[in-house]
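*Asks:* If you scroll down you'll find the structure; I have some questions about it.
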Amino acid sequence: MEKEELKNLWKKVLGVLELQISKPNFVTWLKNSALIEIKNDVWVIALPNNFAKEWIENKYLKIILNACREENPFVKKIEFVVDDKYFQKEKSDEILEEKPLLSFRVDPETGLNPRYSLKSFVVGSSNELAYNAGMAIIKEVGIKYNPFFVYGGVGVGKTHFIQMIGNEILRIYKNKIKPRYVPSEKFTNDIVWAIRNKRMDDIKKKYRDVDVLIIDDIQFIGGKEKTEEEFFHTFNSLYQNNKQIIISSDRPPQSIPVLEERLRSRFEGGLIVDISYPDYEMRVAIIKNKLQERNKNLNEEIIHFIAKKIKRNIREIEGVLNKILFYQENKGRELSFNETEEIINKTIEGIYKKVDEEQIIKAISKFFNISEEELLSRKRNKNLVEPRQIFIYLLRELAGAPYTYIAKKTGRDHTTAIHAYKKIEEEINKNSKLYDKILLIKESIFKE
Amino acid sequence: MKLVVTKTNLKNCLKVIEGVIKNDANLSILKNILIDADGDEIKLTSTNLEIAITSVLNGKILEKGKTTVLFDVFFNIINNLQLERLNLNLIDSKIELITDNYSAILNTQPVDEFPIIPKIKNDKEFIEIKGGILKEAINQIISSAQTTETRPELNSVLFLFNIENIKLTTTDGIRLSEKTIPNTQFESNFENKFNILIPLKTINELNKILNEDDVLKIFIDENQILFKTQRFELISRLTSGSFPDYEAVVPKEFKTEIVLNKEELISAIKLTSIFTNKTMGINIKTNINKKIIEIFSQNQTIGENKYILQSKIKGEEKEIIFNWKYLLDGLKNIKTEEVFLGLNEENKPALIKAPGDNYYFYILMPILSV
Chain Z
3 MEKEELKNLW
13 KKVLGVLELQ
23 ISKPNFVTWL
33 KNSALIEIKN
43 DVWVIALPNN
53 FAKEWIENKY
63 LKIILNACRE
73 ENPFVKKIEF
83 VVDDKYFQKE
93 KSDEILEEKP
103 LLSFRVDPET
113 GLNPRYSLKS
123 FVVGSSNELA
133 YNAGMAIIKE
143 VGIKYNPFFV
153 YGGVGVGKTH
163 FIQMIGNEIL
173 RIYKNKIKPR
183 YVPSEKFTND
193 IVWAIRNKRM
203 DDIKKKYRDV
213 DVLIIDDIQF
223 IGGKEKTEEE
233 FFHTFNSLYQ
243 NNKQIIISSD
253 RPPQSIPVLE
263 ERLRSRFEGG
273 LIVDISYPDY
283 EMRVAIIKNK
293 LQERNKNLNE
303 EIIHFIAKKI
313 KRNIREIEGV
323 LNKILFYQEN
333 KGRELSFNET
343 EEIINKTIEG
353 IYKKVDEEQI
363 IKAISKFFNI
373 SEEELLSRKR
383 NKNLVEPRQI
393 FIYLLRELAG
403 APYTYIAKKT
413 GRDHTTAIHA
423 YKKIEEEINK
433 NSKLYDKILL
443 IKESIFKE
Chain D
381 MKLVVTKTNL
391 KNCLKVIEGV
401 IKNDANLSIL
411 KNILIDADGD
421 EIKLTSTNLE
431 IAITSVLNGK
441 ILEKGKTTVL
451 FDVFFNIINN
461 LQLERLNLNL
471 IDSKIELITD
481 NYSAILNTQP
491 VDEFPIIPKI
501 KNDKEFIEIK
511 GGILKEAINQ
521 IISSAQTTET
531 RPELNSVLFL
541 FNIENIKLTT
551 TDGIRLSEKT
561 IPNTQFESNF
571 ENKFNILIPL
581 KTINELNKIL
591 NEDDVLKIFI
601 DENQILFKTQ
611 RFELISRLTS
621 GSFPDYEAVV
631 PKEFKTEIVL
641 NKEELISAIK
651 LTSIFTNKTM
661 GINIKTNINK
671 KIIEIFSQNQ
681 TIGENKYILQ
691 SKIKGEEKEI
701 IFNWKYLLDG
711 LKNIKTEEVF
721 LGLNEENKPA
731 LIKAPGDNYY
741 FYILMPILSV
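Right, here's the structure in full:
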């Protein structure tokens, strides 16, 4: 019998019992109980402790048996087992994160996390180009593509990819080539620390004394002048000495709004590749890979189901997977299809909440660096046309606004609105730049 | 039921069972204690349905019987009694409490409403250990257990029976401590190894009521544990689930080894901690040439301070940040005059123990600097 059925059946029995036993007694002894198995008309009931078992066996056996027989007249016998795992409080998500003491550790010399290995990296059409370039760099460090600039949306595996290159270099060249991985935030913090403590030389040494410098999420240094300057010098010094530089960002260099021109042109001097969202087959492969990493198994159907449901972010896939594995372990059995679906839906709901137009306006004006008034004005400046069209598109796409409303909002008639929407909808599939832009705007909306 | 007992005995007995009385229980009978004088001894029992404690009361049974009585009121009376000798008589459903100058009549609740205390099935195999030894072990490891109940397995003490020793371990994910009790300090007729998780509450309760000179017997069933002395019996459920596999985390060798005076280190930490901020981090920095370690902390709004300590150092220079409270927790568990501090990279656990002691260690994760 399915778990759900057992649960519902027991609920009915408890309903009958509740009428016969005083409230405090019911709450104390029977509220935490579960029907876990029916075998040959023997019902097995789990209880949280021996006290409950003793008490129920001695005092309530008869009325429970009678109540069960109301549901099923053939019940022969009731057995009680003590097993508190059915009653432990639902654990919060927070504990899904591994605690530092017991998790993978980052190598302090290189900043690389050994978890991001080549073995666990799944290659597919969305990252094939990047992968091939990466392999070429590993073969000829510092010579082939320098600097190497990788960009892509949130959770497409950028960090995994660039750390994997570092780990591979470490593995192949042992100690001859020294890589260092640093998120740009850490880089900024180091600079701030160095300025405060007057130890700039230490920082210079730390970052210039490497053979491969890997910087993650470079877009965050945009607008931080001192950091940009220090990075610029570091970059030059490494570049002149033929040291490999690998950079990741969530958007191409020309779309990082406040990045200094001289830095941008340097990034553009090397190879720029993008990683886009994984396709279905890749997602399945990624899930399988992750399961293998953890030595866990999951029903094939469920794997495909997750891959089908979560289309974009790999981190989301991982989150859902973690949850499913966790529940499975906790319950000591495979999850049913419905339960899986519930977990996935719950997770996705949290991510794709409803957005209102204020958020869209904010995100677009921020992205294109224009004011909110300009966006909504009737001005026909060329630089406003695209943002406005995207605005119309997103207003319909995300907020579900009707054309008449959109027309009123933007001060145009509704055929213009229809035209703008159709145009973007068409373009988006052909023009990958536009696609990226919209993706980034959407991300910044959902992030809030 | 007719009993004659002394106030002191009764009071001590009530103190033993006090800890598991639940005054906010749904079931009002759980606020009561069971007074059982049906056999040759007078036994008092309380339970919160996770733990039950029975304590033996020395006294004279004039007439056998049993009843239950509200703990709170009963304890209050006994605490404030002037005279030593008192009589307890059960008359119908009321209990009469009489001394030479005081008398009270208390309502009771029927005995058959009181929970049935489970029994241990396996009463052949047990561990026998002196109370003092177990108490010392508990005190050394208790501080690193997780105090919240989000992860029941960490809100417990791992009790590992290896025949040649017993290991007690706790961790909250940031700290971990392990105490080994060699089999010269206990006796046992268990033939197989086993490991169980004892809830932290149970261990705390045991630690509270156990005396140094008690001889404790430990019995174990599939999902419960019984601690038995001449004075009391404590039975508790065990935590289900499994403890993290921690062996791999315990550092076996160190890049830097430091030995220094424990009291000095404790006062240095206490003093420098005044300047720490919310992260509670203090830096420990070695200087091998000068044979010192520097302990310093800073806070942008207050200022900064530094403490210098003479010490023996071997290995590499290190500068690592620790949570000072966690550091103190570990040092407090060290019984020797000097303490050993083993350091590795700034993101790997450090280890604290008494120099040359292989029976106890405390490890903790540094605070990662930004």
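Protein chains in written order, with my numbering: chain Z, 3 to 450; chain D, 381 to 750.
Glycine residues also receive a C-beta, built at the ideal position from the N, C-alpha and C atoms.
At a Cβ cut of 7 Å, what residues of the segment 8-37 of chain Z count as close to chain D, listed as they run along the chain?
*Replies:* Flagged, chain order: Pro26, Asn27, Val29 and Thr30.
*Asks:* Taking the beta carbon of His235 of chain Z as the centre, do at least 16 other beta carbons fall within 10 Å, making it buried, or is it exposed?
*Replies:* For the purposes of this step, residue 235 of chain Z is taken as the residue at position 233 of the first sequence. Classification for His235 of chain Z: exposed.
*Asks:* Unbroken alpha helix (DSSP H) runs of length 4 or more, entirely within the segment 106-185 of chain Z: which are they?
*Replies:* 130-141 and 160-175
*Asks:* Give me the subset of the segment 593-615 of chain D whose CB atoms are less than 7 Å from a CB atom of chain Z, sorted by chain position.
*Replies:* Asn603 and Gln604
*Asks:* Could you name each continuous beta strand (DSSP E) segment of 3 residues or more that falls completely within the segment 398-479 of chain D, going from the start of the chain to the end?
*Replies:* 412-417, 422-427, 431-437, 439-443, 445-450, 465-471 and 474-478
*Asks:* Applying a beta-carbon distance threshold of less than 7 Å, which residues of chain Z neighbour Ile496 of chain D?
*Replies:* Along the second sequence, one-based indexing puts residue 496 of chain D at 116. The contacting residues are Glu56, Trp57 and Asn60.
*Asks:* Does the distance from the CB of Thr386 of chain D to the CB of Ile415 of chain D come in under 8 Å?
*Replies:* Taking the second sequence and counting its residues from 1, one reaches residue 386 of chain D at position 6. Taking the second sequence and counting its residues from 1, one reaches residue 415 of chain D at position 35. No, Cβ-Cβ distance for Thr386 of chain D and Ile415 of chain D is not below 8 Å.
*Asks:* CA-CA distance, Ile97 of chain Z and Arg531 of chain D?
*Replies:* Taking the first residue of the first sequence as 1, we reach residue 97 of chain Z at position 95. Taking the first residue of the second sequence as 1, we reach residue 531 of chain D at position 151. With a pLDDT of 37 at Ile97 of chain Z, under the threshold of 50, the modelled position of that residue is not reliable, and the figure given next carries that caveat. The C-alpha of Arg531 of chain D is placed about 8 Å away from the C-alpha of Ile97 of chain Z.
*Asks:* Please report whether the beta-carbon of Pro110 of chain Z lies at a distance below 8 Å from any beta-carbon of chain D.
*Replies:* The residue labelled residue 110 of chain Z in the question sits at position 108 within the first sequence. Yes - at least one Cβ of chain D is within 8 Å of the one on Pro110 of chain Z.
*Asks:* Since Asn51 of chain Z meets chain D, which of its residues come closer than 7 Å, beta carbon to beta carbon?
*Replies:* In the first sequence, residue 51 of chain Z corresponds to position 49, counting from 1. By Cβ distance, chain D contributes Leu429, Glu430 and Arg617.
*Asks:* Can you check whether the C-beta of Asn406 of chain D is within less than 8 Å of a C-beta belonging to chain Z?
*Replies:* Taking the first residue of the second sequence as position 1, residue 406 of chain D is located at position 26. It does; some Cβ of chain Z falls within 8 Å.
*Asks:* According to a CB-to-CB cut-off of less than 7 Å, which residues of the segment 708-729 of chain D neighbour chain Z?
*Replies:* Glu725, Glu726, Asn727, Lys728 and Pro729
*Asks:* Kindly list the residues whose CB is nearer than 8 Å to the CB of Asn502 of chain D, restricted to its own chain and excluding five residues on each side of it in sequence; keep chain order.
*Replies:* Here the question's residue 502 of chain D lines up with position 122 in the second sequence. If we look at Asn502 of chain D and ignore the five residues flanking it on each side, its Cβ neighbours are Phe599, Ile600 and Asp601.
*Asks:* Write down the C-beta distance between Tyr742 of chain D and Gly722 of chain D rounded to the nearest angstrom, noting that I regard them as a contact closer than 8 Å.
*Replies:* Counting from 1 along the second sequence, the entry for residue 742 of chain D is found at position 362. Counting from 1 along the second sequence, the entry for residue 722 of chain D is found at position 342. Incorrect: roughly 11 Å between the Cβ atoms, too far for contact.
*Asks:* For Val84 of chain Z, decide whether its Cβ has a neighbour in chain B, counting only Cβ atoms nearer than 8 Å.
*Replies:* The chain labelled as chain B is not found among the protein chains of the depicted structure, namely Z and D.
*Asks:* Per DSSP, Trp461 of chain Z forms a beta bridge with which residues?
*Replies:* Residue 461 of chain Z lies beyond the range of chain Z shown here (3 to 450); nothing can be said about it.
*Asks:* With distances taken Cα to Cα, identify the nearest neighbour of Phe123 of chain Z among Z:Tyr241, Z:Lys292 and Z:Glu4.
*Replies:* Counting from one through the first sequence, the residue named residue 123 of chain Z turns up at place 121. It is Z:Lys292 whose Cα lies nearest to the Cα of Phe123 of chain Z.
*Asks:* In three-state terms, what does DSSP make of Tyr740 of chain D?
*Replies:* Within the second sequence, residue 740 of chain D is the residue found at index 360, counting from 1. Strand.
*Asks:* Go ahead and pull the three-state DSSP assignment for Gly710 of chain D.
*Replies:* The residue given as residue 710 of chain D occupies position 330 in the second sequence. Correct three-state label for Gly710 of chain D: helix.
*Asks:* Answer yes or no: does any C-beta atom of chain D fall closer than 8 Å to that of Lys87 of chain Z?
*Replies:* For the purposes of this step, residue 87 of chain Z is taken as the residue at position 85 of the first sequence. Taking Cβ atoms only, chain D reaches closer than 8 Å to Lys87 of chain Z, which makes this a yes.
*Asks:* The beta strand (DSSP E) with Arg555 of chain D in it runs from where to where?
*Replies:* One-based indexing of the second sequence puts residue 555 of chain D at position 175. That run of the beta strand (DSSP E) goes Arg555 to Pro562.
*Asks:* Residues bridged to Arg617 of chain D by DSSP?
*Replies:* For the purposes of this step, residue 617 of chain D is identified with residue 237 of the second sequence, where counting begins at 1. BP columns for Arg617 of chain D point to D:Gln604.
*Asks:* Using a 10 Å radius around the Cβ and a threshold of 16 neighbouring Cβ atoms, would you call Val44 of chain Z buried or exposed?
*Replies:* In the first sequence, counting from the first residue as 1, residue 44 of chain Z sits at position 42. That one is exposed.
*Asks:* If the cut-off is 7 Å on Cβ atoms, which residues from the segment 655-684 of chain D count as contacting chain Z, listed in chain order?
*Replies:* The segment 655-684 of chain D vs chain Z, Cβ under 7 Å: nothing.
*Asks:* Entirely within the segment 182-235 of chain Z and at least 3 residues each: give me those beta strand (DSSP E) ranges in chain order.
*Replies:* 214-218
*Asks:* Check whether the Cβ atoms of Asp219 of chain Z and Asp252 of chain Z lie closer than 8 Å to each other.
*Replies:* Translated into the one-based positions of the first sequence, residue 219 of chain Z becomes position 217. Translated into the one-based positions of the first sequence, residue 252 of chain Z becomes position 250. A contact, by the Cβ cut-off of 8 Å.
*Asks:* Closest by CA to Glu232 of chain Z, which one among Z:Lys435, Z:Asp192 and Z:Asn371?
*Replies:* Taking the first sequence and counting its residues from 1, the one referred to as residue 232 of chain Z is at position 230. Ranking Z:Lys435, Z:Asp192 and Z:Asn371 by Cα distance to Glu232 of chain Z puts Z:Asp192 first.
*Asks:* Check each candidate in D:Ile521, D:Asn403, D:Asn603 and D:Lys474 and name the one with the smallest Cα separation from Asn587 of chain D.
*Replies:* For the purposes of this step, residue 587 of chain D is taken as residue 207 along the second sequence, with counting starting at 1. Nearest C-alpha to Asn587 of chain D: D:Ile521.
*Asks:* In angstroms with no decimal places, state the Cα-to-Cα distance between Arg266 of chain Z and Lys705 of chain D.
*Replies:* On the first sequence, residue 266 of chain Z is found 264 positions in, with the first residue counted as 1. On the second sequence, residue 705 of chain D is found 325 positions in, with the first residue counted as 1. Their backbone Cα atoms lie some 47 Å apart in a straight line.
*Asks:* I'd like the list of long-range same chain contacts for Glu505 of chain D, defined as Cβ closer than 6 Å, with 5 residues on each side in sequence excluded.
*Replies:* Taking the second sequence and counting its residues from 1, the one referred to as residue 505 of chain D is at position 125. Asn569 and Phe570, listed in sequence order.
*Asks:* According to DSSP, is Glu544 of chain D helix, strand or coil?
*Replies:* Walking along the second sequence from the start, residue 544 of chain D turns up at place 164. If DSSP states are grouped into helix, strand and coil, Glu544 of chain D belongs with coil.
*Asks:* If you measure beta-carbon to beta-carbon, which residues of the segment 619-642 of chain D are closer than 9 Å to chain Z?
*Replies:* Thr619, Ser620, Gly621, Pro624, Asp625, Tyr626, Ala628 and Val629
*Asks:* At 4 residues or longer, what runs of the alpha helix (DSSP H) sit wholly inside the segment 381-407 of chain Z?
*Replies:* 384-401
*Asks:* Can you tell me which of the three DSSP states Asp415 of chain Z falls into?
*Replies:* Position 413 of the first sequence holds residue 415 of chain Z. Reduced to three states, the DSSP call for Asp415 of chain Z is coil.
*Asks:* Please determine, among Z:Gly225, Z:Lys311, Z:Asn199 and Z:Phe189, the residue with the shortest C-alpha to C-alpha distance to Ile216 of chain Z.
*Replies:* The count along the first sequence starts at 1 and reaches residue 216 of chain Z at position 214. Between Ile216 of chain Z and the set Z:Gly225, Z:Lys311, Z:Asn199 and Z:Phe189, the nearest pair of CA atoms involves Z:Phe189.
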